[in-house]
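Going by our numbering, the letters in the sequence shown line up with residues 1 to 287, in that order. Please read the structure below before turning to the comments.
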Amino acid sequence: MKKRGIFLVVSLLLGIMAAFLVYQQIRSYKLKIARAERELISVVVATRPKDAFSIITSEDVKTVRMPRSSIPADEVLSLDEVVGKASMMELSTGDPVLKGKLSLDPEKLGVAFQLPNGRVAIALPIDEVRATGGLLRPGDYVDVFHVYREKDEVSPTSRLLLSRVKVLAIGGVMGRKEEKETNKEKQMVAQTAVVEVSPEEAAVAAWAQSLGNLWLALRPAHEETQTPLVVYKGPGNSNSPKGVAEAAPMKSVVKRSVPAIPKGWKIEMIQPGNITTVTVSPDGRSR
């Protein structure tokens with residue numbers, strides 16, 4: 001009986017020692033894994049071949065763990081920093097996508113790198129007046145109005161053509177840049193506005209250009225709603241927009257007959273801090 005008790009005590013001590021040794025071994029493995037993990041870094045790699053000068057999407061890349069010593073720390077980018085950027089060289093499957101291989105500012109590569117899939121850019125011929133008085137800048141959103149003359153109509157018609165289209169460039173100037181005093185004398189007069197539209201909207205805009213003039217109305221920066229359809233055929237029409245004053249009838253104060261001179265009408269374009277008045281003659285031309 002006494003020997004059995006001693007045997008049980010010895011067995012218990014041996015079990016405790018074995019458990020302690022196993023714990024120490026597991027702890028040692030965990031420390032080694034932690035040290036090895038600290039030597040690794042998350043690196044973005046290509047999941048499929050990618051052509052040079054193409055935009056990288058979320059399907060093109062993934063993150064993997066690589067030894068920290070194998071990648072320059074200042075070249076590593078996160079997944080969010082890579083998606084949407086342009087690859088400056090051809091990438092193969094598994095290639096690390098590093099900072100030096102990308103253009104972090106696609107705008108510098110041209111309008112094509114700013115266009116999402118399924119969208120196109122079209123140039124609208126404008127002048128400084130029709131481009132909201134010269135205040136239009138790349139990145140703004142505008143409504144496009146079409147002024148044209150219907151058959152057998154003396155007065156032209158103005159109609160909303162496209163609502164909330166993004167301006168990509170004005171007269172060949174890309175992006176928003178601060179105006180410097182030394183460059184003010186070199187500013188060019190806007191002749192075209194490049195806007196982002198769908199292929200269907202591009203066809204509509206091209207058709208409208210052949211029939212009349214296009215005017216751009218600047219929208220508030222954070223307004224995302226579409227502008228309701230507006231059609232204006234001049235004073236005296238039943239479809240005149242609300243708030244448009246009707247011309248009061250003129251009293252005859254001269255006895256002799258004087259030929260009536262068509263005066264057309266005036267359009268006021270109201271923008272923050274500026275009001276531009278444009279006189280439109282009956283033939284649809286501004287002056």
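We put the CB at the ideal spot given by N, CA and C, even for glycine.
- Minimum Cα-Cα distance from A52 among the listed residues E39, Q25, S103, R65 corresponds to S103.
- In the displayed model, I6 falls within a helix according to three-state DSSP.
- P125: not part of any alpha helix (DSSP H); member of the beta strand (DSSP E) spanning 120–125, first to last residue.
- Taking 7 Å as the cut-off, the Cβ atoms of I55 and A34 do not count as close.
- Each of G100, V195, G110 was checked against the Cα of D140, and the nearest Cα belongs to V195.
- For L79, the enclosing alpha helix (DSSP H) covers residues 79–82.
- Three or more Cβ pairs closer than 8 Å define a contact, and the stretch 63–73 meets that threshold against the stretch 40–52.
- Per the coordinates, the alpha-carbon of G110 lies some 18 Å from the alpha-carbon of V83.
- DSSP places V167 in the uninterrupted beta strand (DSSP E) bounded by 157–170.
- If you look at E196, you'll find it in the beta strand (DSSP E) that goes 192–197.
- For Q209, the closest of Q24, R149, G234, K32 by C-alpha to C-alpha distance is R149.
- Burial is judged here by how many other beta carbons sit within 10 angstroms of a residue's own beta carbon; K3 has fewer than 16 and is exposed.
- In the DSSP assignment, D143 falls within the beta strand (DSSP E) that extends over 141–148.
- Looking at the DSSP output, T47 bridges to nothing.
- Under the DSSP assignment, M66 falls in the beta strand (DSSP E) whose first and last residues are 61–67.
- At the C-beta level, V165 and V204 stay beyond 7 Å of one another.
- The Cβ atoms of V120 and P138 lie no closer than 7 Å to each other.
- For P96, same chain residues with a beta-carbon under 6 Å away, outside a window of 5 residues either side, are V43, V45 in chain order.
- Per DSSP, N213 is one residue of the beta strand (DSSP E) stretching across 212–218.
- P96 is bridged by DSSP to V45.
- Each of D152, R219, Q114, E153 was checked against the Cα of F145, and the nearest Cα belongs to R219.
- Distance between P125 and V230, taken at the CA atoms: about 22 Å.
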